[in-house]
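Take 59 as the starting number for the sequence shown in our numbering and just add one per residue.
Inspection log for the structure reproduced underneath, given as structure tokens.
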Amino acid sequence: MASALPPAELAQAFRYATDWFSVYVEEVNALNVYPVPDGDTGTNMHLTLQSVRRELDLVDTSKMAEVARAISYGSLLGARGNSGVITSQILKGFADTLRETQALTPALLARALAEGSRSGYKAVMKPVEGTILTVSRAVAEGALQAAQAGAHTLEEVLEEAITRGHEASERTPELLPVLKQAGVVDAGGVGLLRFLEGLQGYLLKKPLPEPPKVERYAQTAFEEEDFGYCTEFLMEGVQEPIEKIREEVSAFGDSLLVVGAEGFVKGHIHTNDPDGLLARVARYGKMLRTKVEDMSQQHTEILSMAGAADEAPPPTGLVVVANGWGLVKAFRGFGARVVAGGQTANPSVQDILDAIKSLPNPEVVLLPNNSNVIMSAQQAAKLAEGKRVNVIPTRTLGQGLAASVVYQPEKTADELLPAMEEAARRAVTLEVTRASRSVEIGGVSVSEGQPIGLRDEKLALAAETPEEALLGMVSLAVQEGDFEILTVFHGPAVAKETLEALRARLSETFPELTLEIHPGGPDLYDYLAVLE
Numbered sequence: 059m060a061s062a063l064p065p066a067e068l069a070q071a072f073r074y075a076t077d078w079f080s081v082y083v084e085e086v087n088a089l090n091v092y093p094v095p096d097g098d099t100g101t102n103m104h105l106t107l108q109s110v111r112r113e114l115d116l117v118d119t120s121k122m123a124e125v126a127r128a129i130s131y132g133s134l135l136g137a138r139g140n141s142g143v144i145t146s147q148i149l150k151g152f153a154d155t156l157r158e159t160q161a162l163t164p165a166l167l168a169r170a171l172a173e174g175s176r177s178g179y180k181a182v183m184k185p186v187e188g189t190i191l192t193v194s195r196a197v198a199e200g201a202l203q204a205a206q207a208g209a210h211t212l213e214e215v216l217e218e219a220i221t222r223g224h225e226a227s228e229r230t231p232e233l234l235p236v237l238k239q240a241g242v243v244d245a246g247g248v249g250l251l252r253f254l255e256g257l258q259g260y261l262l263k264k265p266l267p268e269p270p271k272v273e274r275y276a277q278t279a280f281e282e283e284d285f286g287y288c289t290e291f292l293m294e295g296v297q298e299p300i301e302k303i304r305e306e307v308s309a310f311g312d313s314l315l316v317v318g319a320e321g322f323v324k325g326h327i328h329t330n331d332p333d334g335l336l337a338r339v340a341r342y343g344k345m346l347r348t349k350v351e352d353m354s355q356q357h358t359e360i361l362s363m364a365g366a367a368d369e370a371p372p373p374t375g376l377v378v379v380a381n382g383w384g385l386v387k388a389f390r391g392f393g394a395r396v397v398a399g400g401q402t403a404n405p406s407v408q409d410i411l412d413a414i415k416s417l418p419n420p421e422v423v424l425l426p427n428n429s430n431v432i433m434s435a436q437q438a439a440k441l442a443e444g445k446r447v448n449v450i451p452t453r454t455l456g457q458g459l460a461a462s463v464v465y466q467p468e469k470t471a472d473e474l475l476p477a478m479e480e481a482a483r484r485a486v487t488l489e490v491t492r493a494s495r496s497v498e499i500g501g502v503s504v505s506e507g508q509p510i511g512l513r514d515e516k517l518a519l520a521a522e523t524p525e526e527a528l529l530g531m532v533s534l535a536v537q538e539g540d541f542e543i544l545t546v547f548h549g550p551a552v553a554k555e556t557l558e559a560l561r562a563r564l565s566e567t568f569p570e571l572t573l574e575i576h577p578g579g580p581d582l583y584d585y586l587a588v589l590e
């Protein structure tokens with residue numbers, strides 16, 4: 059029994075609890091009906107916890123301040139969905155309590171859980187009972203009661219916290235009518251309890267449990283309807299108060315969360331105007347990451363999964379690494395399971411392995427889509443027991459998109475690989491971003507902050523505007539190759555008028571190309587274009 063955990067042990071406990079949670083991802087997903095029945099609460103909470111684990115792997119875990127910062131910072135950076143953002147705020151409150159301490163004691167654990175609950179409630183403009191917030195408060199009350207009763211071990215505090223949490227979880231259908239309608243308890247509350255059970259499992263040296271069999275998806279209790287778009291953003295360099303940004307975006311929709319930590323601002327909202335929302339908030343800071351999910355499409359996929367649960371899966375699944383919500387949507391449209399990540403945000407081997415394992419297909423084609431991710435993809439492929447994983451070493455998102463167009467799940471990997479590899483080889487990727495420093499490379503001189511064009515990862519030119527950079531690269535490429543299609547993804551900071559002018563110039567200058575322009579380009583890029 060543990061009377062205290064030093065920082066390194068606490069970090070290890072968090073890692074183990076994340077692995078424990080992974081066992082229950084589908085169970086939690088199957089319960090998810092609030093605020094919308096899109097079936098991703100477990101996935102979003104798991105991604106949030108995985109981000110904490112990545113940060114813990116990068117810090118000096120002999121220092122509690124470093125461990126606390128990794129928990130707070132990692133959870134904010136990785137927070138996904140309504141449940142993930144609230145979880146990040148619970149973990150922020152938990153971590154803030156530990157920063158100046160030397161070890162986690164029973165009394166400190168109780169205070170940390172209580173502060174976590176307060177932080178979670180504070181993050182929500184209109185807290186709703188019958189959710190993860192209700193369960194977090196009960197967890198805190200149980201922990202404080204155990205500490206006040208003289209609990210000498212962390213296990214005693216966790217036991218009482220989890221017991222009270224389960225009691226509150228069972229009451230959630232009485233507090234939230236939609237849960238009673240679906241015949242389930244709140245998914246986020248169950249997710250929080252599974253994580254705490256993972257911490258308890260670490261202390262008690264329990265082995266990881268077997269995944270429970272999901273018998274029913276609660277989303278099937280609801281008819282398909284238009285739920286809008288779950289839209290998220292992460293910014294840095296924000297000078298305006300969070301309250302002002304929260305008020306600014308509140309008119310765009312509901313399920314609004316705007317929170318901050320460690321110099322970053324994270325936002326989450328359900329809206330029917332994701333482009334307008336992202337353009338509005340982009341004026342307040344540097345946009346680092348965006349995500350937009352079509353919740354109606356997610357609901358449809360859940361209904362399809364439930365109907366096909368007993369059918370044999372097709373031979374080959376597809377896993378890709380990508381960022382930028384438009385690109386992610388495109389990859390999913392081709393039937394891919396997407397791992398979030400890419401330039402400056404490389405996913406871990408575990409992230410990729412989890413995606414591979416989540417597919418029912420006996421064979422998997424894996425597209426890393428970034429030169430820095432190829433080795434991690436190859437390592438994950440080696441660790442994927444029971445599946446044959448084929449890595450096509452795509453170095454750019456453009457190569458990955460071209461290969462994905464050819465993918466057909468009903469074919470075997472041996473049938474797919476030659477065509478997918480050839481499509482990736484022929485594609486040309488053009489990226490427009492800003493120079494991070496003044497430099498001269500390959501005869502091209504650039505100044506810090508200047509728009510630059512990258513062709514297949516290599517610096518091609520510098521320009522006065524992002525649009526000139528894109529036009530210049532397309533012009534050079536079509537002189538050297540025979541292309542038919544130009545697909546352009548743009549970032550949220552590109553004005554509507556600028557985009558219309560760019561479309562006109564591209565159509566006029568390159569009439570032989572079929573032109574497609576979509577929102578949701580990669581984070582930190584003005585444009586990403588693919589020539590095929």
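Just so you know, even glycine gets a beta-carbon here, dropped at the ideal spot from N, CA and C.
Between the C-alpha atoms of N404 and G241 there is a straight-line separation of about 39 Å. Between the region 61 to 77 and the region 158 to 173, the count of C-beta pairs closer than 8 Å reaches three or more; the two stretches touch. Counting along the chain, no beta strand (DSSP E) covers I450, and no H or E run does either. Annotation: R138 is outside any beta strand (DSSP E) and is labelled neither H nor E by DSSP. Assigned with DSSP and collapsed to three states, M122 falls in helix.
Exclusion of the five residues before and after S175 leaves I148, G151, L191, S194, R195, V197 and A198 as the residues of its chain whose Cβ lies within less than 8 Å of its Cβ. Shown here, D412 sits in a helix according to DSSP, grouped into three states. Our two residues, P371 and Q466, have alpha carbons roughly 13 Å apart in a direct line.
Taking the CA atoms as reference points, F310 sits about 20 Å from V186. Beta-bridge annotation (DSSP): S494 is not paired with any residue. Excluding sequence positions up to five before and after V83, its CB lies within less than 7 Å of the CB of G100, T101 and H104, all in the same chain and listed in chain order. Rounded to the nearest angstrom, the Cβ distance from I414 to V422 is 5 Å, consistent with a contact under 8 Å.
Here A204 is not near A172, since their CB atoms are 9 Å or more apart. When the alpha-carbon of A559 is set against those of L68, P524 and P420, the nearest one is in P524. Per the Cβ contact rule, the region 246 to 258 is in contact with the region 71 to 89 (3 or more Cβ pairs under 8 Å). Taking a C-beta distance under 9 Å as the contact criterion, I410 and S429 do not qualify as a contact pair. Annotation: the continuous beta strand (DSSP E) that includes S503 extends over V502 to V504.
Judged by pairs of C-beta atoms under 8 Å, the region 130 to 149 touches the region 312 to 330, as three or more such pairs exist. Annotation: S406 is outside any beta strand (DSSP E) and is labelled neither H nor E by DSSP. Close CB contacts of V272 within its chain, under the 7 Å cut and outside five residues either way in sequence, are with E84, E85 and A88 (chain order).
In the structure shown, the three-state DSSP call for D312 is strand. Distance from the Cα of I543 is smallest, within the candidate group G549, E473, E305 and P569, for P569. G391 is the residue among Q437, G391, V339 and D584 whose C-alpha sits nearest the C-alpha of E351. Closest option to Q297, judged by alpha-carbon separation, among V243, G343 and E506: G343. In terms of Cα proximity to L335, the closest of A319, I303, L346 and G318 is I303. Here M345 is buried. Its C-beta has 16 or more other C-beta atoms within 10 Å. If you compare the alpha carbons of P420, G579, V449 and A438 with that of T491, the shortest gap goes to G579. From the listed residues L488, T545, T572 and L564, the smallest Cα separation to A535 is found for L488. Within the same chain, Cβ atoms closer than 8 Å to the Cβ of L517 are found at I499, G500, V502, V504, I510 and G511, the five residues on either side in sequence being excluded.
Contact annotation, F541 with E590: C-beta distance approximately 6 Å; criterion of less than 8 Å satisfied.
Separation of the CB atoms of L315 and V182 is rounded to 6 Å, and the pair is thereby assigned contact status at 8 Å. Beyond the five residues adjoining it in sequence on each side, R169 comes within less than 6 Å, by CB distance, of T155 in the same chain, given in chain order. Just measuring C-alpha positions, the residue of E268, F547, E555 and T572 sitting nearest D584 is F547. A Cβ-Cβ distance of about 6 Å is found for the pair G188 and D244, placing them in contact under the 8 Å criterion. Here V379 is buried: its Cβ has 16 or more other Cβ atoms, across all protein chains shown, within 10 Å. For V536, there is no enclosing beta strand (DSSP E); the enclosing alpha helix (DSSP H) covers residues P524 to E538.
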